[in-house]
Amino acid sequence: MRNSIAAFLLVASIAAASVRAQDVRQLGPHVHGQTRVQVVVDGDTLDVSLVIPGADAVGFEHPPAGPVEAAAYKNAVAKLRVSRRWLQPSAAAACVPVSVEVSPHGYGQDAVVGMHAELEAIYRFRCSHVSALDAIDVRLVDVFPATHTIVADVLLHDGALRQELDPGMVRIDLKP
Amino acid sequence: MELVRLTWKSLRQRRAGASLTVFTIALSVFLLLGVERVRTDARQGFASTVAGTDLIVGARSGSVNLLLYSIFHVGEATNNITWKTYEQIAAMPDVAWTVPLSLGDSHRGFRVMGTSRNFFVHYRYGRGQPLDFDRGGPFDDLYDAVVGAEVARRLQYKIGDRIVLAHGLGGPASAMHADKPFRIVGVLAPTGTPVDATVAVSLEAIEAIHVDWRSGVRLPGVGGNAADARHLDLTPKAITACLVGLKSRLSAFAFQRAVNDYPEEPLLAILPGVALGELWHLIGTAENTLRIISAMVVVVGMMGMLTGLLSMLNERRREMAILRAVGASAGTVFALLVVESVVLTTAGAILGYLLLYAVLVLSHQYVLAHFGLSLDVAPALSEWGLLGAVMCLGLVAGCIPGWIAYRRSLVDGLQVRL
Numbered sequence: 001m002r003n004s005i006a007a008f009l010l011v012a013s014i015a016a017a018s019v020r021a022q023d024v025r026q027l028g029p030h031v032h033g034q035t036r037v038q039v040v041v042d043g044d045t046l047d048v049s050l051v052i053p054g055a056d057a058v059g060f061e062h063p064p065a066g067p068v069e070a071a072a073y074k075n076a077v078a079k080l081r082v083s084r085r086w087l088q089p090s091a092a093a094a095c096v097p098v099s100v101e102v103s104p105h106g107y108g109q110d111a112v113v114g115m116h117a118e119l120e121a122i123y124r125f126r127c128s129h130v131s132a133l134d135a136i137d138v139r140l141v142d143v144f145p146a147t148h149t150i151v152a153d154v155l156l157h158d159g160a161l162r163q164e165l166d167p168g169m170v171r172i173d174l175k176p
Numbered sequence: 001m002e003l004v005r006l007t008w009k010s011l012r013q014r015r016a017g018a019s020l021t022v023f024t025i026a027l028s029v030f031l032l033l034g035v036e037r038v039r040t041d042a043r044q045g046f047a048s049t050v051a052g053t054d055l056i057v058g059a060r061s062g063s064v065n066l067l068l069y070s071i072f073h074v075g076e077a078t079n080n081i082t083w084k085t086y087e088q089i090a091a092m093p094d095v096a097w098t099v100p101l102s103l104g105d106s107h108r109g110f111r112v113m114g115t116s117r118n119f120f121v122h123y124r125y126g127r128g129q130p131l132d133f134d135r136g137g138p139f140d141d142l143y144d145a146v147v148g149a150e151v152a153r154r155l156q157y158k159i160g161d162r163i164v165l166a167h168g169l170g171g172p173a174s175a176m177h178a179d180k181p182f183r184i185v186g187v188l189a190p191t192g193t194p195v196d197a198t199v200a201v202s203l204e205a206i207e208a209i210h211v212d213w214r215s216g217v218r219l220p221g222v223g224g225n226a227a228d229a230r231h232l233d234l235t236p237k238a239i240t241a242c243l244v245g246l247k248s249r250l251s252a253f254a255f256q257r258a259v260n261d262y263p264e265e266p267l268l269a270i271l272p273g274v275a276l277g278e279l280w281h282l283i284g285t286a287e288n289t290l291r292i293i294s295a296m297v298v299v300v301g302m303m304g305m306l307t308g309l310l311s312m313l314n315e316r317r318r319e320m321a322i323l324r325a326v327g328a329s330a331g332t333v334f335a336l337l338v339v340e341s342v343v344l345t346t347a348g349a350i351l352g353y354l355l356l357y358a359v360l361v362l363s364h365q366y367v368l369a370h371f372g373l374s375l376d377v378a379p380a381l382s383e384w385g386l387l388g389a390v391m392c393l394g395l396v397a398g399c400i401p402g403w404i405a406y407r408r409s410l411v412d413g414l415q416v417r418l
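Chains as they are written, first to last, in UniProt numbering: chain A, 1 to 176; chain B, 1 to 418.
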């Protein structure tokens, strides 16, 4: 819980920061306990991307040191890769996962001492009945209990909107 | 049916008091529905001001600040972004179109906006409606101007009129760009958006009127007259913000990240709907306060009705006794008071509803013209819910005098009174 209230205006991307740290000094938001989700629906394609603080997903924000930390890191990445347990578009929309891409920032060569780390994941679905896509359930707290709130930016054909899911809320409404 | 007839006759006996009660409830319903209508239409108006634009890009500030200044022309001015950066953004592979916006000057209290002809092609409002010209068309010549509907109406402009822009926001001490007057070539149809109160000119025109300005001071003769300026390089140096349309929505967030991480200049890309959501979040408390106040006014109206019914109870003991004497049950007496309350509430609600729509019909054009707020005259679904709540409140309020009359009528029936 301490993490959930520790808001740091630091590091959007450790990779970007480390590469450009010498000439460009700009840092994005990084709030422990808060996962940022972005949802786009275009045609029959549904894209969901999320950025979760390393502290919430892995438990630490530095390159794994030793087998215990390495296992924790691998476990977190594996949980993000297998999304069907916690990321569920409306069943009626019959969305099938097409691709998953998980990118760690700050856990490898790009790590900068004292900086934050995070995991980014991008999921693409193809939906047979996209008109029935009413909502997406994001049960991230089931796999990463340190998740406190989810801030979701949703881009639909008729505009964009933001939804904040407080503890206990899992549904991103796509037809508000 | 008999009960309604009795209620009607009873109310007719007390028509002055009943009318006042109905009027009080009508006013409170009018206020409740009016606040809700203005609230929802203001939200709708804000939400529909910019449609079909995927992102707005400006200098790094706050998303609400950027949205308010670049689109609604209110709030703190943001920094500018350089023309070179704008060109690089426009050249990004995901970008389908861009519309540059440059704010700063004014004309008789109205904002002057430098832009490109793309503005008239890609800007959408409401449910994706494009801009329509009431008269004329887009600017073509360097010194052409297009005015919004409100500008034309208030200043009684027509095609061919000459106007002079003021440097900055105007005011008595402001310098005028009098050496480079503009000709009105187009008047836009009303949109209910800030475009109505805008004078649009080309970005090159903005440069042209500032060629003889150096470091914020005008140096007459430096850039030559209006004709000379036509031969100068009028490529803009900076703009306030730009609207961006993407080839595919799927690239929106990646584009947003790319812009926000743009290394050469601190930029901010916002999704208009998300920024509006943040704005609603900020003003939600004030809105709720307004709603609570209007709900309290309804409660006060109901209390007025309750006071009226209760104060009448003593005077109506004889009426109740006669009713009991002719065979009415205690339950009928209870029902009579409740029906009275419901009738008064219904009459007040209907009158308040009619009053609201009369005011909406009469003031719709005025509010649009003077406040830029488009009030929807058609009934809204949410209003039925509020009316239902008012009716329930009236029913509950009627139960109190009904219960007292019920109890009294039992006691009165057993007592001998002289």
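Every residue gets a Cβ at the ideal spot worked out from N, C-alpha and C, and that includes glycine. The model shown is predicted, which means the values in this text are computed figures rather than measured ones.
LEU381 (chain B) to ARG37 (chain B) span [Cα, whole Å] | 11 Å
Go ahead and label MET302 (chain B) buried or exposed: buried means 16 or more other beta carbons lie within 10 angstroms of its beta carbon, across all protein chains shown.
-> buried
Entirely within the UniProt domain "ABC3 transporter permease C-terminal" (292–408) of chain B and at least 4 residues each: give me those alpha helix (DSSP H) ranges in chain order.
-> 317–325, 330–371
Does the stretch 71–80 of chain B come close enough to the stretch 118–129 of chain B to have 3 or more Cβ pairs within less than 8 Å?
-> no
What in chain B is Cβ-close to SER49 (chain A), meaning under 8 Å?
-> PHE253
THR53 (chain B) - containing alpha helix (DSSP H), residue span | Element bounds for THR53 (chain B): n/a, residue is neither H nor E.
To which residues does DSSP link TRP97 (chain B) through a beta bridge?
-> B:GLY245
Grab me the residues of LEU279 (chain B)'s own chain with a C-beta within less than 6 Å of its C-beta, minus the 5 sequence neighbours each way, in chain order.
-> VAL64
Within the chosen definition, does the stretch 82–99 of chain B reach the stretch 238–245 of chain B through at least 3 CB pairs nearer than 8 Å?
-> yes
For ALA6 (chain A), three-class secondary structure by DSSP = Low confidence applies here, because ALA6 (chain A) scores a pLDDT of 40, under 50, leaving its location unreliable and the question unanswered by this model.
Please list the segments of the beta strand (DSSP E) lying wholly inside the stretch 165–215 of chain B, counting only runs of 3 or more residues, in order along the chain.
-> 182–188, 198–202
Cα separation between SER102 (chain B) and ALA57 (chain A)?
-> 44 Å
Identity of the residue in B:TYR353, B:ASN314, B:LEU306 nearest THR21 (chain B) by Cα = B:LEU306
Residue-level contact to chain A via CB, ARG249 (chain B), 8 Å cutoff = yes
Taking just the CA atoms, how far does THR40 (chain B) sit from LEU360 (chain B)?
-> 14 Å
Local Cβ density within 10 Å of TYR69 (chain B), reported as buried at 16 or more and exposed below that | buried
How would you write the range of the alpha helix (DSSP H) that SER70 (chain B) sits in, first residue to last?
-> 63–72
With 8 Å as the threshold, decide whether the Cβ of PRO266 (chain B) is near any Cβ in chain A.
-> yes
Identify every residue that forms a DSSP beta bridge with SER99 (chain A).
-> A:ARG124
Considering SER49 (chain A), what are the terminal residues of the beta strand (DSSP E) in which it resides?
-> 45–53
ALA229 (chain B) in three-state terms, based on DSSP | helix
Along the beta strand (DSSP E) that carries VAL147 (chain B), what are the first and last residues, could you check?
-> 144–147
Which listed residue (A:GLN34, A:VAL130, A:VAL48, A:ASP42) has its alpha carbon closest to that of TYR123 (chain A) | A:VAL48
Residues in its own chain within less than 8 Å of LEU282 (chain B) by CB, not counting five upstream and five downstream?
-> VAL64
Nearest chain B C-beta to VAL37 (chain A) closer than 8 Å, yes or no?
-> no
Chain A within 8 Å of ARG271 (chain B), Cβ atoms only = Here residue 271 (chain B) turns out to be Leu, not Arg, going by the sequence shown. Interface residue, yes.
With DSSP run on the structure shown, which of helix, strand or coil describes ILE172 (chain A)?
-> strand
Can you tell me the Cα-Cα spacing of ASP110 (chain A) and PRO63 (chain A), whole angstroms?
-> 9 Å
Verify whether the separation of the beta carbon atoms of PRO89 (chain A) and LEU133 (chain A) is less than 8 Å.
-> yes
Counting along the chain, where does the alpha helix (DSSP H) carrying ARG89 (chain B) start and finish?
-> Residue 89 (chain B) is actually Ile in this sequence, not Arg. Element bounds for ILE89 (chain B): 83–90.
How big is the Cα-Cα spacing for SER341 (chain B) and TRP403 (chain B)?
-> 13 Å
Report back the beta-carbon spacing between VAL146 (chain B) and VAL185 (chain B) to the nearest angstrom; my notes put them in contact at under 8 Å.
-> 6 Å
Is ALA42 (chain B) close to chain A, meaning its C-beta is less than 8 Å from at least one C-beta of that chain?
-> no
Can you find a C-beta in chain A that's less than 8 Å from the C-beta of ALA258 (chain B)?
-> no
Pick out whichever of B:ASN79, B:VAL326, B:LEU3, B:VAL199 has its Cα sitting closest to the Cα of GLU150 (chain B).
-> B:VAL199
Option in B:PRO130, B:TYR123, B:LEU351 with minimal Cα separation from ILE56 (chain B) | B:TYR123
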